[in-house]
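Protein chains in written order, with the working numbering: chain P, 1 to 347; chain V, 348 to 694.
Number of protein chains: 2
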Amino acid sequence: MTTERPGRRATIADIAARAGVSPTAVSFALNDRPGISEHTRARILAAVAELGWRPNVAARALGGRRADTVGLVVARPARTLGIEPFFAQLVSGLQARLSTDLVALQLLVVEDLSAEVDVYRRWAAERRTDGVVVLDLERDDPRPDELVRMGLPAVLVGGDGTPGPMPAVFADDHAAMTSLAEHLAALGHVHVGHVGGIPAYVHSARRVAALHDAGARLGMNITTVPTDFSQDEAAAATRALLARDERPTAIVYDSDVAALAGVTVLAEAGLGVPGDISLASFDDSELVRLAHPPLTAMTRDTFELGELVAETVLSLVRGESVPDVVRAPTPELTVRGSTGRVPEVAA
Amino acid sequence: MTTERPGRRATIADIAARAGVSPTAVSFALNDRPGISEHTRARILAAVAELGWRPNVAARALGGRRADTVGLVVARPARTLGIEPFFAQLVSGLQARLSTDLVALQLLVVEDLSAEVDVYRRWAAERRTDGVVVLDLERDDPRPDELVRMGLPAVLVGGDGTPGPMPAVFADDHAAMTSLAEHLAALGHVHVGHVGGIPAYVHSARRVAALHDAGARLGMNITTVPTDFSQDEAAAATRALLARDERPTAIVYDSDVAALAGVTVLAEAGLGVPGDISLASFDDSELVRLAHPPLTAMTRDTFELGELVAETVLSLVRGESVPDVVRAPTPELTVRGSTGRVPEVAA
DNA sequence: GACGCCGACTAAAGCGCTTTAGCGACGACA
DNA sequence: TGTCGTCGCTAAAGCGCTTTAGTCGGCGTC
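Right under this line is the structure:
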């Protein structure tokens, strides 16, 4: 156990004294730099262990070194984050990978994009983080350029798969949505509703495009209703779809939370799933697995995605070469009980 | 906008030069210390704004000041965190309150308690965080004493409401569980199952005690099955309860996620809720509101709880006086469609 | 008119590391 | 034998702030 010194905590000087060397030697030993004999190094490490000493991160960072911290700023209402499995899983994965390298994750939730950029500016000026992870890329998003300008290394999650000003981790939403559309087409569905996300988001737009492309190709009639990802709007969108003259025989939801809201609306309307109408969620998660019936969804390992993003940002801040576009696995179709053949009557 | 200097970023010396004063004056102006005239202060602040300068946090922390960071270490499997609304909401609330004071939240997920203590030790030695938030208090928990020993300020969430070695934010689980028991008793339930949490957790134990106390008082027969909070165990526990000779007419779940698992088991067993059996969840959340039928639950604002905890830890690290026990609002009963009168046959 | 005090400010030290420059000893090489 | 290179290590500067200990001029007091 650590022997508490009276008053102040141990510093590098205490270690040096105890090992009978200079502070420089301690620093060299600690950072695996050459010029310290094995014998001396061992003595130093022993002193470190005995006093339970750790270099003060602030002092370390001051010497122009890294802060060993990666930042994540999310521009969404703080209260809604708690129910987004995607987000929570991503953070868990990020955290898991970062912590193996003793790098901390700094989390911040803000109101909007401009507040988000302000935070980046602050962090960059304060040297608080070595790099950041950027989510929910939008069309003409100001963040990449701003980040380049302020010299804060960043990794984008999402994007359109084309090389941009900074590395991006990209999952092929288009291919994923296409396979979901093909699944529905194979079951005979023609009129398909789509409860989409925020159109400004690049990934939302890409999903809409994919679904409509596939619809055109496979002779399906797609109706997309955009939402802000909230349950209220998802429920309203579902009701709107049900009220259409040509009522859809299947509805695709952009997120798991939205899909659950949809399940509730259908239950209230007395419609059976998949007997009367088929449901599918683009995001898979515990939530849709627990629904009754469990929902057909595009499965991806979001935790793993987080790890991949962390890996990328770690390489980036270390100055290692990072590909412009890191491909994450494409989500794969998991068929569960919520999708079935189109009902006879409506066929 | 900031004028980028060639090479290095602005430091306090640049601001001082621009304002025609000494670095000391800049520091004083920034920290609202007396001894700077209004006129000079204004000139300094103008220079700060023009260069978009922010004090380097590392340099600041090095001067023995605060790190402006609060830590949260969670000893649970990282993958399960993503589906715990309680946890996500708490973090959101914490974050929201901390960020208004520009204090960062450091998140870390570890395997077990001993790894958690190691992280505290590291953080204390590195001066990385000013204080920490401790969750999931256990019986004979080693953490409070260890934290006191290493001099890391901490706030406990949970606990038993008695003053301990450090401030605790306490919600009266006992009273909450009692009101849930009374609700079931009023509906005529006698045989009540309880899918509990990890018995080592103080809050789990307190809930069990409350339920059994109320049972004794109200003539109910309570059967508690402990679980590790996972859905698998919750499902298994539910099946075990259903298989009992004296099948319960109501089941209480300690968490929302567990309750959802229970809903699925009942649906598979062909039992109607609340026709055949009543269900209630101790934790309320979006999840149980979305279930069909929506579940009766004990409602509390976890986001607000997070804010309260943040408030407490902020006071603590600032050296302000903090009560030993901060009382959070007691969760309140929200009756929804999942609890009903005990069925005739079983009554 | 001498003294003390106060307000406004500065010089310099110090926080705990990392890093650069350099030093002495020793062996290799010519 | 002299020189150079290398190894193992140290002295000292420097990172960008905060803080302590002043300095200096003006004003009130007796």
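Where is the CB? At the ideal position from N, CA and C, for every residue including glycine.
For residue i, which residues in chain P fall below 7 Å Cβ to Cβ?
| i | result |
| --- | --- |
| V:T681 | Residues of chain P passing the Cβ test: none, with the nearest at roughly 17 Å. |
| V:L409 | A58, A59, L62 |
| V:H550 | The contacting residues do not exist; V:H550 stays about 19 Å from chain P at best. |
| V:L482 | By Cβ distance, chain P contributes nothing, its closest Cβ being about 15 Å from V:L482, past 7 Å. |
| V:A364 | Correct list: empty, because the minimum Cβ distance to chain P is about 18 Å. |
| V:A627 | Here the premise fails: no neighbours, minimum Cβ distance about 17 Å. |
Since residue i meets chain V, which of its residues come closer than 9 Å, beta carbon to beta carbon?
| i | result |
| --- | --- |
| P:G272 | Neighbours of P:G272 on chain V: none; closest Cβ ~12 Å, over 9 Å. |
| P:H39 | Within 9 Å Cβ-Cβ: nothing; P:H39 doesn't reach chain V, min ~26 Å. |
| P:A67 | V404, A405 |
| P:L211 | Here the premise fails: no neighbours, minimum Cβ distance about 24 Å. |
| P:A13 | Here the premise fails: no neighbours, minimum Cβ distance about 15 Å. |
Which residue marks the beginning of the beta strand (DSSP E) containing residue i, and which one marks its end?
| i | result |
| --- | --- |
| P:E332 | 332–334 |
| V:V502 | 501–504 |
| P:A350 | Only positions 1 to 347 of chain P appear in the structure, and residue 350 of chain P is not among them; the question remains open. |
| V:I598 | 597–600 |
| P:R327 | 325–327 |
| P:V169 | 168–170 |
| P:S278 | 278–281 |
| P:V273 | From DSSP, P:V273 is part of no beta strand (DSSP E); its letter is neither H nor E. |
| V:T571 | 568–572 |
Just the chain P side, please: which residues come within less than 8 Å of residue i by C-beta, in chain order?
| i | result |
| --- | --- |
| V:G399 | R121, A125 |
| V:V456 | S92, Q95, A96, S99 |
| V:L377 | Within 8 Å Cβ-Cβ: nothing; V:L377 doesn't reach chain P, min ~13 Å. |
| V:A462 | Under the 8 Å cutoff, chain P gives no residues; its nearest Cβ is about 10 Å from V:A462. |
Name, please, each residue of chain V whose Cβ falls closer than 8 Å to the Cβ of residue i.
| i | result |
| --- | --- |
| P:I251 | Within chain V, no residue comes near P:I251; the closest Cβ sits about 16 Å away, beyond 8 Å. |
| P:E286 | G429, I430, Q578, V604 |
For the alpha helix (DSSP H) that contains residue i, what are its first and last residues?
| i | result |
| --- | --- |
| P:T302 | 302–317 |
| V:V395 | 385–398 |
| V:I359 | 359–366 |
| V:L589 | 578–589 |
| P:F28 | 23–30 |
| P:L295 | Run containing P:L295: none; DSSP gives neither H nor E here. |
| V:L637 | 633–637 |
| P:L62 | 57–62 |
So with CB distances below 7 Å, who are the chain V contacts of residue i?
| i | result |
| --- | --- |
| P:V57 | E473, R474, R475 |
| P:A47 | Those within 7 Å of P:A47 in chain V number zero; the least Cβ separation is about 14 Å. |
* To do: Can you check the stretch 178–219 of chain P for any beta strand (DSSP E) of at least 3 residues that lies completely inside it and give the ranges in chain order?
  => 191–195
ask   = According to a CB-to-CB cut-off of less than 8 Å, which residues of the stretch 601–618 of chain V neighbour chain P?
value = Flagged, chain order: V604, L607, A608, V610, T611, A614.
Fill in: Three or more C-beta pairs below 8 Å linking the stretch 452–464 of chain V and the stretch 393–406 of chain V
no
Legend entry - Minimum length 3: unbroken beta strand (DSSP E) runs contained in the stretch 64–145 of chain P: 69–75, 104–110, 131–134
_Between the stretch 548–557 of chain V and the stretch 652–663 of chain V, can you find at least three pairs of beta-carbon atoms closer than 8 Å?_
no
* Interface residues of the stretch 424–442 of chain V facing chain P [CB-CB below 7 Å] -> A425, R426, L428, G429, I430, P432, A435, Q436, S439, Q442
**Message:** Three or more C-beta pairs under 8 Å: does that hold for the stretch 510–519 of chain V against the stretch 562–578 of chain V?
**Reply:** no
For the structure I just gave you, are there three or more beta carbon pairs, one from the stretch 268–283 of chain P and one from the stretch 319–326 of chain P, closer than 8 Å?
no
Q. Going along the chain, which residues of the stretch 510–528 of chain V sit with their C-beta nearer than 7 Å to a C-beta in chain P?
A. Taking 7 Å as the upper bound on Cβ-Cβ separation, chain P lies near no residue of the stretch 510–528 of chain V.
- Task: Taking 8 Å as the threshold, find out whether the stretch 426–438 of chain V comes into contact with the stretch 489–503 of chain V through three or more Cβ pairs.
- Result: The stretch 426–438 of chain V is not in contact with the stretch 489–503 of chain V.
Taking three-plus beta-carbon pairs below 8 Å as touching, is the stretch 523–537 of chain V in contact with the stretch 570–588 of chain V? They do not touch, by the three-pair rule.
### Message
Counting only Cβ-Cβ distances shorter than 7 Å, please list the residues of the stretch 292–321 of chain P near chain V, keeping chain order.
### Response
H292, F303
*asked:* Any C-beta of chain V within less than 8 Å: which residues of the stretch 217–242 of chain P qualify?
replied: Q231
Would you call the stretch 68–75 of chain P in contact with the stretch 120–135 of chain P, where contact means no fewer than 3 C-beta pairs closer than 8 Å? yes
Exercise for the section: Inspect the CB distances between the stretch 256–265 of chain P and the stretch 287–294 of chain P and report whether three or more fall short of 8 Å. Expected result: Touching, per the Cβ criterion.
Review point. Any contact of the stretch 501–510 of chain V with the stretch 523–530 of chain V, i.e. 3+ C-beta pairs under 8 Å?
Key: no
Do three or more CB pairs link the stretch 402–412 of chain V to the stretch 54–68 of chain P at distances below 8 Å? yes
Item checked: Where the stretch 491–510 of chain V meets chain P: residues whose CB sits under 7 Å from a CB there -> none
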